[in-house]
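So the protein sequences, as listed, match chains A and B.
To convert, note that position 33 of the first sequence is 33 in our numbering; the numbers rise steadily by one, no gaps.
To convert, note that position 290 of the second sequence is 384 in our numbering; the numbers rise steadily by one, no gaps.
Read through the structure below, which is laid out as structure tokens, and then see the notes.
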Amino acid sequence: MCLAIPGKVISVGEENGIRIGRVLFGGVTQPVSLDFVPEASIGDYVMVHVGFAISRVNQEEAEKTWQTLEEMGLLAGELPEANRTAGLAERDQS
Amino acid sequence: MKYLDEYRDSQMVKRLLEKIRRTVTQHLVLMEICGGQTHTIMRYGLDELLPPQIELVHGPGCPVCVTSTSILDRAIEVAQREDVTLVSYGDMLRVPGSKTDLLSAKSRGADVRMVYSPLDALRIARQTPERKIVFLAVGFETTAPANAMAVWQAHREGLNNFFLLASHVLVPPAIRALAGSPDNRVQGFIAPGHVCTVVGCRDYEDLVQEFRMPIVVGGFEPVDLLQAIAVLVTMLEEGRAAFSNEYARSVSYRGNIEAQRILAEVFEVADQPWRGLGEIPQSGLRLKSKFAAYDANQVFALTIPEVEASSVCISAKILKGLKKPTDCSVFGHSCTPESPLGAPMVSSEGACSAYYQYRRHDLVVIQ
Ligand code: SF4
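This is the structure we're talking about:
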């Protein structure tokens, strides 16, 4: 519960006045608030904690962190079931 | 050793271990604050790979583990009301309150739902305007801005069926309480990377000055942690107390300004009870009075006092670094992740759960 998960911003829009990005995690997109990272835009990788992006990271960093979290079985507490099945490679194809 | 080879940076890990081995000359007690870091240490057996002079103790950095029983008792009470839907992060539903837990309340008919994000809690509130949505919002500084944003957003949208039952804890006052306590054994702290990503480094520099004790910000991967440990060991061996940020790829000196802004807008610092550690002055956050209409404590008049949890559970001593989970008489017997007697056995980031996952087999061999 204190971890942040890397994902890739694939679109940016607004919902109910919140700046919401669709962020790809493991082949599935999730709505994520981008309010705390106003500088983030499409194609960027962000660290997401409880549905809020808290920092921007580069792609290499994002890949490495995703693999480590997966290896450690720590994605379970942070993401809904469907999002944990695919790795970062599959994510980039979608 | 069993897990090291599967880690892709194993060369780097070996180099760092070698460096630490060459530097250390004395017994050193280091504490990692964050439960995610505890998990990494256990998962990769870092504590066993390090030279025996280095003792790692596991701090109070799992929000699930330090949420007080009175908050859980309040959540369980309010969840039993006809018109209330109680939502919270997954692990919170299994943490025992003084009598029962939220999942048991759910099985007896309470409307309890799990969410991954405060955005989900808001969505439920929008979709079911006839129900009162109470969001049991726990967390450290990493999570608090997201919870704050939920309240701010509810206010902006005019949602009048969304309420926060908040239990937020702050890391620096906890370090202050631990470092300042007469039975403290910790000589250096690894500060939590994602907390610092949000709040920055200032408070930690101040703590270094206050206690003349080194503090190093660390990440969550084995290399990150060993790097932080190597820096702490070097400082302690040289007799230096300094601050260092060894997770600079995520943590900037000032932190995330936008997140800090919403925190300050919605919450104010207040005294806070911690499970196991008792009340720590100025170590929590409460809603500012202008958001009182969203405060579940006030709206539902929740006043259940703190009750001490199960007497067999030694989690208080574990969170202070005085005992290890394996020192607990019921560890792995009557207390397991399936039926936890204490909070550190619930979350995968809790020290007891991490030991259970990765160390219980070793124990059987030893016995
Ligand atoms: S093993 Fe269970 S009872 Fe013992 S300290 Fe850990 S959580 Fe408490």
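Where a beta carbon is used, it is the ideal one built from N, C-alpha and C, also for glycine.
Quantities reported herein were computed from a predicted structural model and do not represent experimental measurements.
Cβ closer than 9 Å: which chain B residues qualify as neighbours of residue i?
i	result
isoleucine 54 of chain A	Thr236, Pro239, Ala240, His288, Thr291, Val292, Ser344, Asn350 and Ala353
valine 57 of chain A	Arg343 and Ser344
Between the options, which has its C-alpha nearest residue i's C-alpha?
i	options	result
glutamine 195 of chain B	B:Ile227, B:Ser162, B:Arg296 and B:Thr222	Residue identity check: residue 195 of chain B is aspartate in the sequence provided, not glutamine. Considering only alpha carbons, the answer is B:Ser162.
tyrosine 298 of chain B	B:Ala336, B:Pro276, B:Phe314 and B:Glu331	B:Ala336
phenylalanine 425 of chain B	B:Pro438, B:Ala231, B:Asp318 and B:Arg279	B:Pro438
threonine 29 of chain A	A:Val12, A:Glu71 and A:Gly73	A:Val12
leucine 52 of chain A	A:Asp35, A:Glu71 and A:Gly17	In the sequence under discussion, the amino acid at residue 52 of chain A is phenylalanine, which differs from the leucine named in the question. Checked all of A:Asp35, A:Glu71 and A:Gly17; the closest Cα to phenylalanine 52 of chain A is A:Asp35.
asparagine 278 of chain B	B:Lys417, B:Glu362 and B:His133	B:Lys417
arginine 137 of chain B	A:Gly73, A:Pro6, A:Gly7 and A:Val9	A:Gly73
alanine 68 of chain A	B:Ala173, B:Arg355 and B:Gln131	At residue 68 of chain A the sequence reads threonine, which differs from the alanine that was named. Minimum Cα distance to threonine 68 of chain A is reached at B:Gln131.
leucine 435 of chain B	B:Cys407, B:Thr117, B:Ala271 and B:Val118	B:Cys407
arginine 454 of chain B	B:Thr430, B:Gly444 and B:Glu443	B:Thr430
tryptophan 66 of chain A	A:Gly27, A:Gly17 and A:Ile10	A:Gly27
glutamine 247 of chain B	B:Val228, B:Pro316, B:Leu216 and B:Ile269	B:Leu216
Exposed or buried, what is residue i when buried is set at 16 or more other beta-carbons lying within 10 Å of its beta-carbon?
i	result
proline 38 of chain A	exposed
threonine 397 of chain B	exposed
glycine 372 of chain B	exposed
threonine 179 of chain B	buried
lysine 384 of chain B	exposed
isoleucine 374 of chain B	buried
glycine 370 of chain B	buried
histidine 262 of chain B	buried
What's the C-alpha gap between residue i and residue j?
i	j	result
glutamate 224 of chain B	threonine 328 of chain B	60 Å
asparagine 391 of chain B	leucine 143 of chain B	47 Å
cysteine 446 of chain B	arginine 115 of chain B	28 Å
valine 107 of chain B	alanine 387 of chain B	51 Å
leucine 349 of chain B	cysteine 290 of chain B	Position check: residue 349 of chain B holds glycine in this sequence, whereas leucine was assumed. The straight-line gap from Cα to Cα measures roughly 6 Å.
tyrosine 45 of chain A	valine 302 of chain B	33 Å
aspartate 300 of chain B	glycine 43 of chain A	38 Å
glutamate 171 of chain B	leucine 326 of chain B	45 Å
arginine 202 of chain B	glutamate 176 of chain B	12 Å
isoleucine 218 of chain B	aspartate 185 of chain B	19 Å
valine 363 of chain B	leucine 379 of chain B	5 Å
arginine 220 of chain B	serine 198 of chain B	26 Å
glutamine 59 of chain A	glutamine 281 of chain B	36 Å
phenylalanine 394 of chain B	alanine 260 of chain B	13 Å
glutamate 15 of chain A	glycine 415 of chain B	45 Å
lysine 193 of chain B	lysine 8 of chain A	43 Å
serine 55 of chain A	methionine 47 of chain A	5 Å
isoleucine 165 of chain B	leucine 258 of chain B	12 Å
alanine 40 of chain A	histidine 427 of chain B	48 Å
phenylalanine 283 of chain B	arginine 270 of chain B	11 Å
Residue i versus chain A: which residues are under 7 Å apart at the beta carbon?
i	result
proline 212 of chain B	Val50 and Gly51
glutamine 147 of chain B	Correct list: empty, because the minimum Cβ distance to chain A is about 26 Å.
arginine 137 of chain B	Met72
Run down chain A in chain order and give the residues with a C-beta less than 9 Å from the C-beta of residue i.
i	result
methionine 243 of chain B	Ile18, Ser33, Asp35, Phe36 and Phe52
At a CB-CB cut-off below 8 Å, which residues of chain A make contact with residue i?
i	result
glutamine 247 of chain B	Asn16, Gly17 and Ile18
Does the segment 201-208 of chain B come into contact with the segment 238-245 of chain B, if we say contact requires no fewer than three beta-carbon pairs (one atom in each stretch) closer than 8 Å? no
Within the chosen definition, does the segment 250-269 of chain B reach the segment 19-28 of chain A through at least 3 CB pairs nearer than 8 Å? no
So, do the segment 121-129 of chain B and the segment 148-160 of chain B have three or more beta carbon pairs nearer to each other than 8 Å? Judged by Cβ distances under 8 Å, the segment 121-129 of chain B makes contact with the segment 148-160 of chain B, as three or more pairs qualify.
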